[in-house]
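In my numbering, the protein residues as written are 1 to 102. Even for Gly, the Cβ is constructed at its ideal location relative to N, Cα and C. To keep things clear, I will list the structure first and then write my remarks on it.
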Amino acid sequence: MIHARGHVPTPEASRWLQRLCHHFSRKIAVRYDEREGHAEFPWGICEMRADGAALHFDCRAQDAQQLARVRFAIDEHVRLFSRKHPLAVQWHACAPAAGSPP
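See the structure below:
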């Protein structure tokens, strides 16, 4: 599995997490509360965590193409839901997990 981590600086992280997870739950398996979320996309998984300063994303998939699809879904929904006051995910590269093929 490969990983990507990102965050959106916002003092309303819990509200954004719940809104995204509620929306995703209409089409995919999602578990969430006011601080954490878990979304199972057909291409990979995204864990979300809200704190007082940001909404954090930890996404995993089998390959780069599938990870790009998970990131795209997150990016597009954050963009769509924040039209009035635009937000964008700041993504960070992650090293491959131990034991993962290069």
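Among the options, the one whose alpha carbon lies nearest that of residue i
i	options	result
P9	G52, E36, R19 and I45	G52
A61	V30, I74 and C46	C46
E34	A88, I28 and W16	W16
A64	Q90, E36, C94 and E12	C94
D58	L20, V78 and G37	G37
S14	A54, V78 and K84	A54
F21	K84, S82, I2 and H77	It should be noted that the sequence gives Cys, not Phe, for residue 21. The shortest Cα separation from C21 among K84, S82, I2 and H77 belongs to H77.
R79	Y32, R19 and V30	R19
Supposed close pair residue i, residue j - CB separation, criterion 8 Å
i	j	result
R49	A4	No, R49 and A4 are not in contact; Cβ-Cβ is about 15 Å, not under 8 Å.
Beta carbon of residue i nearer than 8 Å to that of residue j
i	j	result
A73	F41	yes
Q66	W43	yes
H56	H7	yes
Span of the beta strand (DSSP E), counted from its first residue to its last, around residue i
i	result
A113	A question about residue 113 goes unanswered here, because the residues of the chain that appear run from 1 up to 102.
P11	Here P11 belongs to no beta strand (DSSP E), and DSSP marks it neither H nor E.
message: Quick check on the DSSP output: what are the complete beta strand (DSSP E) runs of length 3 or more inside the stretch 15-64, in order along the chain?
response: Whole beta strand (DSSP E) segments, 3+ residues: 29-32, 36-41, 44-50 and 54-61.
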